[in-house]
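Here is the structure we will look at.
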Amino acid sequence: MKALTLSVMLLSTALSGAYVAPVQAEQGLVQKAKADNRQQKKQDEDRERSFEMTEEKLSRIKAELKTKIEHEQNRTDELAELFSNNEDKLARLEENLRLETGSLGELFGVVRQVAKEMEPNVEESVTAIDANRYSSFVDTIIEARTLPSMPELTGLWLSLSEQIDASARLSSVEVPVVALNGEVNNEKAFRVGAFALVGDQGYLNWDSVRERAVLYSNQPNLVPTASAFQSILSDSGANQAQVWEVDPSRGVILSQRELNPTLQDRLEAAGVVGKVILGLLAIGLLIALYRGLALAIAQVKIRQQLKNPEHIGNNPLGRILSVYNKENNRTVEALELRLLEAVVDEQTHLEKGLSMLKLFAALAPMLGLLGTVTGMIETFQVITLFGNGDPKVMAGGISMALMTTVLGLVAAMPLLLAHNILSTQAENIRNILEKQGIGLVAQQAERDDQIEVFSKGAQLQETPA
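Each residue of the sequence shown is one higher than the one before, counting from 1034 in my numbering.
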């Protein structure tokens, strides 16, 4: 009984605990929800206050901007009115200036034109070295937009007089000269009027921007020097007359001469093909020289052999005579064949190397044409890649490409001439050998006929009557 009562009490206690736990959990959730609600409400209130403050700030800025816009608009209207008034005023002043100046405007135009024409002589010419005291007046008149003053006109007149006087004088000046190695040294030179500047090595190119002179790389044949001018100006050379080449274009022709390619430049432009052609020419000329000397010596020895046929020497005709002496006991037909064989052998020796000359003479123009074609292909490839349609560039590339053709023709002409001369010499020697060989055969035939006649006569004498 007691045990039953205890079990009932335990069961009641457990049921009470299970009921109380959910109630407490529900109360905790409610409190948490209320706290979150209060926090969210506070955040919303803070955001509303921030929005209100931002709105007030933007309203103030908007009002300030409206005020500035109104101010700037008023200022724009004032400036527009002022600009319009100034334009009207400027038009009236220009009209008054035009009426008051009259023909002075044309005078100002003439003065400016004269000043512009003088500017190259004053600043770029060689006279700028020692005759530029009034150059500032020329620059002032060119840059001015108003009528020149009397001092400026006087300065222009003095500048003109100075240039005229300088163009008629031979002056000694000291200028910085750029040497070929790049060093700049002050050297004594002579200014020949407004035409040229002459140094110790010839004409100098005056650079007015850098204020230094550079020696022209391509000087004319009759070029003056500073020492020559010094001797002329001295008392000892007062009566001396010398001839020089002068550039009347004030350096344009000398500058153009520098652009003209030299022989070395043209040979380098020919490239590998040009060097091959020159090699063929050199080898061909050596062969022609060697064979020419050999044929000349052979001709001299043949003439000596003709004068002294009894003494057989080491020459083509002597070898023919040696064959005749060895074969004189043979029949005429056999002797003729032996002599013909000897003549053919000598002809082979005489014409040795001539076929090579002929080959070189025919090969040189073909190599020149090959170089021209390849050069033009390279030129058009460059034009295709870079799109350069400048006729000067195309003409320069094509002219360089044609250099191989020129070299080929230059090499072919002397080789052909040498081949013709040597062939003629060899032909003359061969004709002499053939003529002498035919004479020897005829001599042998006559001797055989005489022997045959003598033998027949002897037989007739031995026959009884």
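Glycine included, every Cβ here is placed at the ideal spot set by N, Cα and C.
Query, Result
"Buried/exposed call for residue 1168, threshold 16 Cβ in 10 Å", "buried"
"Own chain, CB closer than 7 Å to residue 1431, minus 5 neighbours either side, in chain order", "1409 and 1412"
"Proximity to residue 1333 [Cα-Cα], best of 1174, 1465, 1343 and 1312", "1465"
"Runs of beta strand (DSSP E) wholly within the stretch 1240-1320 (minimum 3 residues, chain order)", "1245-1248"
"Among 1156, 1251, 1283 and 1467, nearest to residue 1172 - alpha-carbon criterion", "1156"
"Beta-carbon gap between residue 992 and residue 1226 smaller than 8 Å", "This structure cannot speak to residue 992, because the chain is shown only from 1034 to 1498."
"Span separating the alpha-carbon of residue 1207 from that of residue 1222", "6 Å"
"Any alpha helix (DSSP H) of 4 or more consecutive residues that is wholly inside the stretch 1383-1422", "1387-1419"
"Residue 1471 versus residue 1370: straight-line alpha-carbon distance, rounded", "11 Å"
"Limits of the beta strand (DSSP E) - the one that residue 1189 falls within", "No beta strand (DSSP E) contains residue 1189, which is instead part of the alpha helix (DSSP H) from 1183-1199."
"Test item: CB-CB of residue 1403 and residue 1306 under 8 Å", "yes"
"For residue 1156, three-class secondary structure by DSSP", "helix"
"Those residues which DSSP pairs with residue 1011 across a bridge", "Outside the modelled stretch of the chain, which goes from 1034 to 1498, sits residue 1011, for which no answer is possible."
"Continuous beta strand (DSSP E) stretch holding residue 1218: start and end", "1217-1225"
"Spatial distance of residue 1178 from residue 1198 (CA atoms)", "30 Å"
"Nearest-angstrom Cα separation, counted from residue 1449 out to residue 1349", "26 Å"
"Pairwise C-alpha distance: residue 1192 and residue 1258", "29 Å"
"DSSP three-state assignment for residue 1349, whether helix, strand or coil", "helix"
"Pairwise C-alpha distance: residue 1433 and residue 1442", "15 Å"
"Where the beta strand (DSSP E) through residue 1207 begins and ends", "1203-1211"
"Close beta carbons around residue 1194, own chain, < 7 Å, minus the five adjacent residues each side", "none"
"Residue 1447 in three-state terms, based on DSSP", "helix"
"Expected contact under 8 Å - CB spacing of residue 1390 and residue 1310 to nearest Å", "Rounded, the Cβ-Cβ distance is 15 Å, inconsistent with contact."
"Buried versus exposed, by CB contacts within 10 Å (16 or more), residue 1376", "buried"
"Stretch-stretch touch, CB-based, cutoff 8 Å, three pairs: the stretch 1380-1396 with the stretch 1322-1332", "yes"
"Boundaries of the alpha helix (DSSP H) in which residue 1175 is found, first to last residue", "1168-1176"
"Which listed residue (1462, 1152, 1175 and 1351) has its alpha carbon closest to that of residue 1165", "1152"
"Cβ neighbour criterion (16 or more within 10 Å) applied to residue 1342", "exposed"
"Contact check, residue 1186 vs residue 1144, beta carbons under 8 Å", "yes"
"Backbone CA spacing between residue 1336 and residue 1330 [nearest angstrom]", "10 Å"
"Assigned secondary structure, residue 1165 (DSSP; H/G/I helix, E/B strand, else coil)", "coil"
"Residue environment, residue 1064, which counts as buried when at least 16 other CB atoms sit within 10 Å", "exposed"
"Per-residue DSSP class, three states only, for residue 1129", "helix"
"Selected residue, minimal CA-CA separation from residue 1174, among 1437, 1117, 1289 and 1149", "1149"
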